[in-house]
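A.B. asks: Under UniProt numbering, the first residue of the sequence shown carries the number 30, and numbering increases by one thereafter. Cβ atoms here follow ideal geometry from the backbone N, Cα and C, with glycine treated the same way. Starting off with a structure, shown below.
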Amino acid sequence: FQWDFVTEEAPGDVQYEYAVEFAERLEEKSEGRIDITVFEYGGLGDGVDQAEQLMRGSTQLGIVSPGFTGTMVPEAELFALHFLFPDDIALTQEILNTSEALNVYLREKYEEHGMSPLAYFTEGAMQWTSNSPLQAPEDFEGFQIRVQNSPLINTSYQQYGADPTAMDWGELYSGLDQGVVEGQENPIFFIESAGFHEVQDYMTISNHNNYVAMMVVNTEFYNELPSDIQAMLDETVEEMRQVGFDLQEELNEAALSEIESNTEVLTLSEEQRQAFRDLAMPVRDFYRENNGEDAARILDLLEEEIEAARN
Ligand code: 6CS
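Put into structure tokens, the structure is as follows:
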């Protein structure tokens with residue numbers, strides 16, 4: 030078997046290192062029957078192109094950010110909701126591993142488009158970078174923030190008064206440098222590896238959302254695999270849950286000290302975060318009403334699961 034495994038990141042980043050480790054484990058288990066080529070970002074197009082290739086089956090395996098599938102699977106936009114998952118990142122990962130809302134119902138929505146998420150994993154909490162301090166919703170008034178191509182990420186920032194612009198991350202460093210956009214959101218490791226802190230004066234520790242990525246396969250490809258091969262793949266997905274978690278933790282921690290050495294890092298207090306949370310809450314109802322027929326059912330269940338996990 031010869032498979033392609035596409036990622037949205039560069040060597041050294043969470044997705045790429047996850048994919049390399051995944052490929053090695055699976056190749057070894059299969060004793061050479063499986064041969065996997067891992068692609069870094071840009072190898073097969075931008076984020077949206079890559080998601081479409083997986084849906085069509087021209088690529089077999091991939092890591093996909095839900096932000097690039099929002100126009101195809103509107104229900105998946107729930108990951109754009111700020112302050113939804115617990116701040117405790119290990120608890121968030123546990124919810125991602127076990128949630129029926131995500132692993133059964135959202136998976137079904139993706140499968141209608143030919144893509145099966147086999148696992149959801151966190152790449153870390155997201156933070157803002159900017160050239161002016163971002164500490165209150167008023168600081169976002171007219172602020173040009175780069176976002177992934179996702180309608181609900183847009184809505185979330187419009188709630189704060191910002192002016193969001195969709196852009197692929199490959200253009201973001203120069204976009205920030207030239208002032209095409211004024212700021213962006215990403216997990217800490219990614220800010221550092223893409224060098225965004227070099228062209229930004231501030232990083233705000235806001236933890237306003239969690240960056241979730243999905244380990245996906247093309248549905249038809251997966252369903253037609255011989256059962257022993259499918260079992261090896263499933264087993265590797267399970268093994269990789271902890272490996273992926275440890276990877277993001279290690280990379281995020283290391284990147285923070287690197288960023289601190291040349292960028293001013295502001296940390297929001299709980300009170301400051303509450304001002305954003307108050308504005309973000311109504312977006313949940315917007316999602317329920319506008320993001321497909323199953324949005325309300327999926328979010329209601331996920332909220333219950335999150336509540337149960339917190340207690
Ligand atoms: O901001 C982005 O678009 C990119 N951020 C991460 C953490 N991974 C890939 C994605 O394309």
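With C-beta atoms as the reference, is R302 less than 8 Å away from S222?
C.D. replies: Along the sequence shown, read from residue 1 onward, the residue named residue 302 stands at position 273. Along the sequence shown, read from residue 1 onward, the residue named residue 222 stands at position 193. For R302 and S222, no; Cβs fall outside 8 Å.
A.B. asks: What does the alpha-carbon distance come out to for the pair F225 and N215?
C.D. replies: If you number the sequence shown from 1, residue 225 lands on position 196. If you number the sequence shown from 1, residue 215 lands on position 186. Taking the straight line joining both Cα atoms gives about 10 Å.
A.B. asks: Looking only at its chain, what residues have a beta carbon closer than 7 Å to the beta carbon of V49, apart from the 5 residues adjacent to it on each side?
C.D. replies: Mapped onto the sequence shown, residue 49 falls at position 20. Taken in chain order, the residues that qualify are V67.
A.B. asks: I believe I118 touches A148 by the beta-carbon criterion, under 8 Å. Please report the beta-carbon distance rounded to the nearest angstrom.
C.D. replies: Taking the sequence shown and counting its residues from 1, the one referred to as residue 118 is at position 89. Taking the sequence shown and counting its residues from 1, the one referred to as residue 148 is at position 119. 16 Å between Cβ atoms; not a contact.
A.B. asks: Say the cut is 7 Å; is the CB of Q277 nearer than that to a heavy atom of the ligand 6CS?
C.D. replies: Position 248 of the sequence shown, counted from the start, is the residue given in the question as residue 277. Q277 Cβ: outside cutoff for every heavy atom of the ligand 6CS.
A.B. asks: Alpha carbon to alpha carbon, how far is P103 from residue 341? Give it in angstroms, no decimals.
C.D. replies: There is no way to answer for residue 341, as the model of the chain reaches only from 30 to 340.
A.B. asks: Just the C-alpha distance for Q271 and E46, rounded to the nearest angstrom, thanks.
C.D. replies: For the purposes of this step, residue 271 is identified with residue 242 of the sequence shown, where counting begins at 1. For the purposes of this step, residue 46 is identified with residue 17 of the sequence shown, where counting begins at 1. Those two C-alpha atoms are separated by around 13 Å.
A.B. asks: If you follow the beta strand (DSSP E) that V67 is in, where does it begin and where does it stop?
C.D. replies: In the sequence shown, residue 67 corresponds to position 38, counting from 1. Note, V67: beta strand (DSSP E), D64 to F68.
A.B. asks: Please list, in chain order, all residues of the same chain as E278 whose beta carbon is under 6 Å from its beta carbon, the five residues on each side excluded.
C.D. replies: One-based indexing of the sequence shown puts residue 278 at position 249. Within the same chain, E278 has no close Cβ partners at all.
A.B. asks: Go ahead and label A260 buried or exposed: buried means 16 or more other beta carbons lie within 10 angstroms of its beta carbon, across all protein chains shown.
C.D. replies: In the sequence shown, counting from the first residue as 1, residue 260 sits at position 231. Exposed, because fewer than 16 other Cβ atoms sit within 10 Å of the Cβ of A260.
A.B. asks: Would you say S145 and Y251 are within 8 Å of each other, going by their C-beta atoms?
C.D. replies: Residue mapping note: residue 145 aligns to position 116 of the sequence shown, counting from 1. Residue mapping note: residue 251 aligns to position 222 of the sequence shown, counting from 1. Yes, these two residues count as a Cβ contact at 8 Å.
A.B. asks: Please classify F30 as buried or exposed, where buried requires at least 16 neighbouring CB atoms within 10 angstroms.
C.D. replies: Your numbering for residue 30 matches position 1 in the sequence shown. The residue in question, F30, is exposed, as its Cβ has fewer than 16 Cβ neighbours within 10 Å.
A.B. asks: Between T100 and Q122, is the Cβ-Cβ spacing less than 8 Å?
C.D. replies: In the sequence shown, the residue the question calls residue 100 occupies position 71. In the sequence shown, the residue the question calls residue 122 occupies position 93. Result no, Cβ atoms of T100 and Q122 do not sit closer than 8 Å.
A.B. asks: Would you decide whether R306 is buried or exposed? Buried here means 16 or more other CB atoms lie within 10 Å of its CB.
C.D. replies: Residue mapping note: residue 306 aligns to position 277 of the sequence shown, counting from 1. Per the 10 Å Cβ criterion, exposed.
A.B. asks: What residues in its chain sit with their C-beta under 6 Å from that of D206, if we drop five residues either side in the sequence?
C.D. replies: Walking along the sequence shown from the start, residue 206 turns up at place 177. Hits under 6 Å: V228.
A.B. asks: Check whether the stretch 178 to 188 touches the stretch 312 to 320, taking contact to mean three or more Cβ pairs, one atom from each stretch, closer than 8 Å.
C.D. replies: With a cut-off of 8 Å, the stretch 312 to 320 and the stretch 178 to 188 count as touching, because enough Cβ pairs lie within range.
A.B. asks: Looking at C-alpha atoms only, which residue of L83, S59, I65 and A39 is the closest neighbour of T248?
C.D. replies: What you label residue 248 is simply residue 219 of the sequence shown in a count that begins at 1. With distances taken between Cα atoms, T248 lies closest to L83.
A.B. asks: Using 8 Å as the threshold, is the C-beta distance between I217 and A284 below it?
C.D. replies: Taking the first residue of the sequence shown as 1, we reach residue 217 at position 188. Taking the first residue of the sequence shown as 1, we reach residue 284 at position 255. A contact, by the Cβ cut-off of 8 Å.
A.B. asks: Going straight from the alpha carbon of W32 to that of T88, what length do you get?
C.D. replies: Position 3 of the sequence shown, counting from 1, holds the residue named residue 32. Position 59 of the sequence shown, counting from 1, holds the residue named residue 88. Cα to Cα, the separation comes out at about 7 Å.
A.B. asks: Leaving out the 5 sequence neighbours to the left and right, which residues in its chain are closer than 6 Å to E38 when beta-carbon positions are compared?
C.D. replies: Stepping through the sequence shown from its first residue, residue 38 is reached at position 9. Excluding positions up to five away in sequence, the list reads Q44, Y45 and Y70.
A.B. asks: Measuring alpha carbon to alpha carbon, tell me which of E336, R326 and E299 ends up nearest Q164.
C.D. replies: Translated into the one-based positions of the sequence shown, residue 164 becomes position 135. Measuring from the Cα of Q164, the nearest candidate turns out to be E299.
A.B. asks: Which class does S59 belong to by DSSP, given the choice of helix, strand or coil?
C.D. replies: By 1-based counting over the sequence shown, the position of residue 59 is 30. Coil at S59, not helix or strand.
A.B. asks: Let me check you understand the geometry: is the CB of W198 closer than 7 Å to at least one non-hydrogen atom of the ligand 6CS?
C.D. replies: Translated into the one-based positions of the sequence shown, residue 198 becomes position 169. True, at least one ligand heavy atom lies under 7 Å from that Cβ.
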